[in-house]
Structures are given as structure tokens and as C-alpha cells.
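Enquirer: Sharing a structure, written as C-alpha cells. Questions coming.
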Amino acid sequence: MINTILVEDDLYIQKHFVDCLAADGEFHLVGVFRDAFEAEKHCNATVKLVLMDVQTQHKHSGLAAAERIKKAFPQIKIVVATSLVDPEVLQRAKLGAADSLWYKDHGTEELMSVVKRTLAGERVFPNSSPAVEMEGTMSDAFSPRQLDILRLYVKGFTYQEIADKLGISKNGVRWNLDNMVEKGGFESRESLVATAIENKLMVTTLKDE
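If you count by our numbering, then the sequence shown holds residues -7 to 201, one letter each, in order.
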């Protein structure tokens, strides 16, 4: 049996994942948690797999917890399961927070395939995060630099602070935001921000510790 910890904030999805793992017959659930930081405390050398949500209870980051688990117990396989399409989530997972990542809209059958491939030593990641609708366009119409600018803008940084962080001019920040508004046919920058948050393109509230 594969000792497994499941972290999922949504109780409906949590039950669905529990049922799928139980139906498979190979997995022994040693813990089910809504809070990634709480799950982190229960990891030990006997755990073989962690199925990790990203946006967990109390706004605790599953990615931050996964990074710490990996550091303490490198042998534990971590599969991140998320509905967040923020490209930064995929990038951080690839850079060491996880062994694999699966988007929740892909179906449970594929999740079990990803889990078993991961346990066999494979690293399974999509090439890119899914594009989401942004009013009159799709999110992949925005450049990576524009998404970086938008992420900082959503977090409340000023134009000058964004410019300093990204090594561009303040006018460059303004132009890119205006260009995104124009591409999507938004009424204002505020509408752009609201849609990005609503469609989970940007995640700005997660706590790393």
C-alpha cells in the first residue's frame, strides 16, 4: 500500500479524490487535510505520496508547504492538483515544489494516471497553463511580461515600483496595462484586474508561511 496524504480545501472535491484513491486499491490514506501547513506537520519517512492543492484553508500556499516537504523528505512524491491557471503556479511547481502538476478540469482518470506515472519516477507537467477567457480575448494573448506587470499591479504596487522591479520605464508599465485593456476590450484597468482574479489567472493572496 502507498501511504498517501491528501490536501484539498474544497470538501466536495476532497471527497471525490478520497473515493477515487480508495477505489484504486493501492493507496492508504494516512491523512486528509484542508490546510497545507497542517498536512506538512504529518509528513514523515513512511509517507510516499502527497496530493497537494495550491489554494488551501486559511490562504496557506500548498506550493510553499510542498517545497518544505520536499526539502525535509526528498523521497516523497508530490503531485499538485489545482484549478489555478496562473502561469506562476506552474513555474514554481516545476522549479522544485512538485514532481508533477495536474489541472483539475482535466478529469479524475487522468489524475490517477499522472499519480502512477509520478510514483514510477516520471515528472509530469503540462507545457503551459490553460488559457482562460479575458472578455474579448484569451489570456495567452498577453505576453509573459504583461502578465508579470499585471500580477504586481493586482498586488497594489505603484507604476514606479513595478518599473523598478521589472527593469522597465514607468511609461512602459502604463503602456502594457493599457494594451491589455485594449486587447480584451475592457472598460478600465479595474475591469481587467477583476476578471483576472475571477478567472484565477492571478493569485495574490496566498501565504507562504
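The beta carbon of each residue, even a glycine, is placed where N, CA and C say it ideally should be.
Starting from Lys157 and walking both ways along the alpha helix (DSSP H), at which residues does that stretch end?
Expert: Position 165 of the sequence shown holds residue 157. Where Lys157 is concerned, the enclosing alpha helix (DSSP H) stretches over Tyr151 to Leu158.
Enquirer: What's the C-alpha gap between Glu18 and Thr(-4)?
Expert: On the sequence shown, residue 18 is found 26 positions in, with the first residue counted as 1. On the sequence shown, residue -4 is found 4 positions in, with the first residue counted as 1. Glu18 and Thr(-4): Cα-Cα distance of roughly 10 angstroms.
Enquirer: Span of the alpha helix (DSSP H) holding Gly176?
Expert: As a working note, residue 176 is residue 184 in the sequence shown. First-last of the alpha helix (DSSP H) with Gly176: Lys162 to Gly176.
Enquirer: Taking Cβ to Cβ, would you say Val71 is nearer than 8 angstroms to Thr38?
Expert: Translated into the one-based positions of the sequence shown, residue 71 becomes position 79. Translated into the one-based positions of the sequence shown, residue 38 becomes position 46. Cβ atoms of Val71 and Thr38: not closer than 8 angstroms.
Enquirer: Report yes if the CB atom of Ala64 is closer than 8 angstroms to the CB atom of Met44, and no otherwise.
Expert: The sequence position of residue 64 within the sequence shown is 72, counting from 1. The sequence position of residue 44 within the sequence shown is 52, counting from 1. Result no, Cβ atoms of Ala64 and Met44 do not sit closer than 8 angstroms.
Enquirer: Just verifying my parser: in three-state terms, what is the DSSP assignment at Phe29?
Expert: Locating residue 29 in the sequence shown gives position 37, where the first residue counts as 1. Correct three-state label for Phe29: helix.
Enquirer: Is DSSP giving His52 helix, strand or coil here?
Expert: Counting from one through the sequence shown, the residue named residue 52 turns up at place 60. Here His52 sits in strand by DSSP.
Enquirer: Taking Cβ positions, are Glu32 and Ala57 nearer each other than 8 angstroms?
Expert: For this step, residue 32 is matched to residue 40 along the sequence shown. For this step, residue 57 is matched to residue 65 along the sequence shown. Taking 8 angstroms as the Cβ cut-off, Glu32 and Ala57 qualify as a contacting pair.
Enquirer: When every heavy atom of the ligand NAD is checked, does at least one fall within less than 7 angstroms of the C-beta of Ile61?
Expert: With respect to the ligand NAD, the structure offers nothing, as it holds no ligand at all.
Enquirer: Would you kindly work out how many angstroms separate the C-alpha atoms of Val10 and Asp1, rounded to a whole number?
Expert: The residue you call residue 10 lines up with position 18 of the sequence shown. The residue you call residue 1 lines up with position 9 of the sequence shown. Straight-line Cα distance between these residues: approximately 13 angstroms.
Enquirer: Ordered along the chain, which non-local residues of its own chain (more than five positions away) have a Cβ less than 7 angstroms from that of His50?
Expert: In the sequence shown, counting from the first residue as 1, residue 50 sits at position 58. Excluding residues within five positions, the ones whose Cβ falls inside 7 angstroms are Asp27.
Enquirer: Flag this pair as yes or no: are the beta carbons of Pro118 and Tyr95 separated by less than 8 angstroms?
Expert: Start at 1 with the first residue of the sequence shown, and residue 118 comes out as number 126. Start at 1 with the first residue of the sequence shown, and residue 95 comes out as number 103. In contact: Pro118 and Tyr95 (Cβ atoms closer than 8 angstroms).
Enquirer: Could you give the DSSP three-state label for Ile68: helix, strand or coil?
Expert: Residue mapping note: residue 68 aligns to position 76 of the sequence shown, counting from 1. Ile68: coil per DSSP, three-state reduction.
Enquirer: Go through its chain and collect everything with a Cβ distance to Val195's Cβ below 6 angstroms, but skip five positions before and after it.
Expert: Start at 1 with the first residue of the sequence shown, and residue 195 comes out as number 203. Leu76 and Asp78, listed in sequence order.
Enquirer: Please name the residue in Glu179, Ala90 and Asp140 whose C-alpha comes closest to that of Glu127.
Expert: By one-based count along the sequence shown, residue 127 stands at place 135. Checking every option, the nearest Cα to that of Glu127 belongs to Glu179.
Enquirer: Near Lys162, what residues of its chain come up, given a Cβ to Cβ distance below 6 angstroms and the 5 sequence neighbours on each side ignored?
Expert: Residue mapping note: residue 162 aligns to position 170 of the sequence shown, counting from 1. Within the same chain, Lys162 has close Cβ partners Tyr151, Gln152 and Ala155.
Enquirer: Rounded to whole angstroms, what's the CA-CA distance from Ala89 to Glu182? Just pull it up for me.
Expert: Residue 89 sits at position 97 when you count from the first residue of the sequence shown. Residue 182 sits at position 190 when you count from the first residue of the sequence shown. Going by the C-alpha atoms only, they are around 32 angstroms apart.
Enquirer: On the criterion of 16 or more Cβ atoms from any shown chain inside 10 Å, does Asn168 qualify as buried, or is it exposed?
Expert: The sequence position of residue 168 within the sequence shown is 176, counting from 1. Buried is the call here.
Enquirer: Could you give the DSSP three-state label for Gly113: helix, strand or coil?
Expert: Here residue 113 corresponds to residue number 121 of the sequence shown, with the count starting at 1. DSSP places Gly113 in coil when its eight states are reduced to three.
Enquirer: How is the alpha helix (DSSP H) around Val10 delimited, first residue to last?
Expert: The sequence position of residue 10 within the sequence shown is 18, counting from 1. Segment Leu3 to Asp16, the alpha helix (DSSP H) holding Val10.
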